[in-house]
Amino acid sequence: MTFATMGRRHILIVAVLGVTLVAGVLWLYSLWIWRGFIEYRMERDRDIPTAVAVSRDGSVWFTLDFADAIGVLRNGRLERIRTGRETFEPLGLAVDRDGVAWYTDSPTRVISRVSPDGVVASFALETPVAKLARLAAAPDGAVWFAEESTYSFTRFKDGAFTRHAIGTPGVAPFGVAVDASGTVWGTLPRLNRLVRISARGEIAELDPPTRAAQLGDVAVGADGAVWFLEMQANKIGRFANGQFTEFLVPTKSAGLTSLAIAPDGAVWFTELRGQRLGRLRDGVIVEFPLPRSDARPFGIAVDAAGNVWYTDLSGTLGRLSAQRARRR
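Each position in the sequence shown, counted from 1, maps to that position plus 387 in my numbering.
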């Protein structure tokens, strides 16, 4: 064997060892960065989980697009509850104080509810068409939802619908949330405004600093601060004590789709195009890459223990453990 041959073999061995070392480091890094994630694959390939909400008992409810069912995860087991109607863009979902899941159903022009034992009831809107967005459960037992087709934020309680219409036609209300005092907060993406509806029904419209930000989801923290997505501006907005504050998301064009507040006050959001979950806490945003390369996170919710739940349009329901969510 010549020295040249020995040299080539030495270089080859070093190269192989180098590649193996790099692969090992990347594998260990993937284990670290994705630790704390668990994902549940939908039982049917065509099921697309969209909105998600968590009940007090820990049941995780989620809507299914293009399906005649609603999903729930209980005791580690996925259940598919038949509703009798195929849905389209069921964006509104909330669980009330009694553990009943409420959701929007635009094609059939109804608001529906599913009791914990799987009984479905629907309440028809009187409009000839309906385009519905987000839905929220209020402390008094009412549910509120954004009704684009009537330019209103609508309250439903005791079998009656009460509309709070915005004066400008074509405003397309989207996000809605209710705080502990009963004040309703909503978003108008086309007008770029945050809406406040008092318990007496008085409507006020507020302009955030960034123009054409396209406001989306909205949520209210335990301290009364109002948080919202600025989808076009790629920012998270906050309104408290009469002032707006905005936080730029590090990933450009992240594709912000949903927002929720954890018990510790952290604000969580989904990045559809960024394939990440984001956490805003103490003014700092930290992003959590999702395990799969085809991830498309859409809905998000946080349970009482601090576990972060998300829906993925690729066909999964995911969880980031509270321990992992709090640390990084």
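Here a beta-carbon is modelled for each residue, glycine too, at the ideal position from N, C-alpha and C.
With residue i as the anchor, note down where its beta strand (DSSP E) starts and where it stops.
i    : result
A647 : L643 to I648
Q630 : Q630 to L635
F685 : P684 to V689
F510 : V507 to A511
V695 : V695 to D699
K622 : K622 to A627
Y427 : F424 to R428
F656 : V654 to E658
F615 : V613 to E617
G458 : A456 to R461
I553 : Per DSSP, I553 belongs to no beta strand (DSSP E) and is neither H nor E.
E592 : I590 to L593
V582 : R580 to I584
T574 : V571 to L575
A564 : V563 to V565
Can you tell me whether residue i is buried or exposed? The criterion is at least 16 other CB atoms within 10 Å of its CB, across all chains shown.
i    : result
V441 : buried
Q662 : buried
V516 : exposed
E430 : exposed
R443 : exposed
N628 : exposed
T549 : exposed
N462 : exposed
V506 : exposed
F475 : exposed
I648 : buried
G445 : exposed
L704 : buried
R625 : buried
P477 : buried
T514 : exposed
G702 : buried
S499 : buried
E589 : exposed
A547 : exposed
D504 : exposed
V565 : buried
G665 : buried
F615 : buried
P526 : exposed
V671 : exposed
I425 : exposed
A599 : exposed
F685 : buried
Could you check where the alpha helix (DSSP H) with residue i kicks off and where it finishes?
i    : result
A712 : A709 to R714
Bridge partners of residue i, per DSSP?
i    : result
F675 : L664
P436 : L451
F548 : F543
A488 : V482 and V501
A533 : F540
A524 : V530
T514 : Paired residue(s): none; T514 is not in a bridge.
G705 : E426 and Y697
A600 : Looking at the DSSP assignment, A600 forms no beta bridge with any residue, so it has no partner.
R469 : A456
V558 : In DSSP, V558 forms no bridge with anything.
R464 : R461
If we cut at 7 Å on Cβ distances, does residue i have a partner in chain B?
i    : result
A599 : The structure shown contains no chain B, having only a single protein chain.
For the segment 579-597 and the segment 534-554, state whether three or more C-beta atom pairs, one from each stretch, are separated by less than 8 Å. yes
Could you tell me whether the segment 612-620 touches the segment 527-542, using the rule of 3 or more Cβ pairs below 8 Å? no
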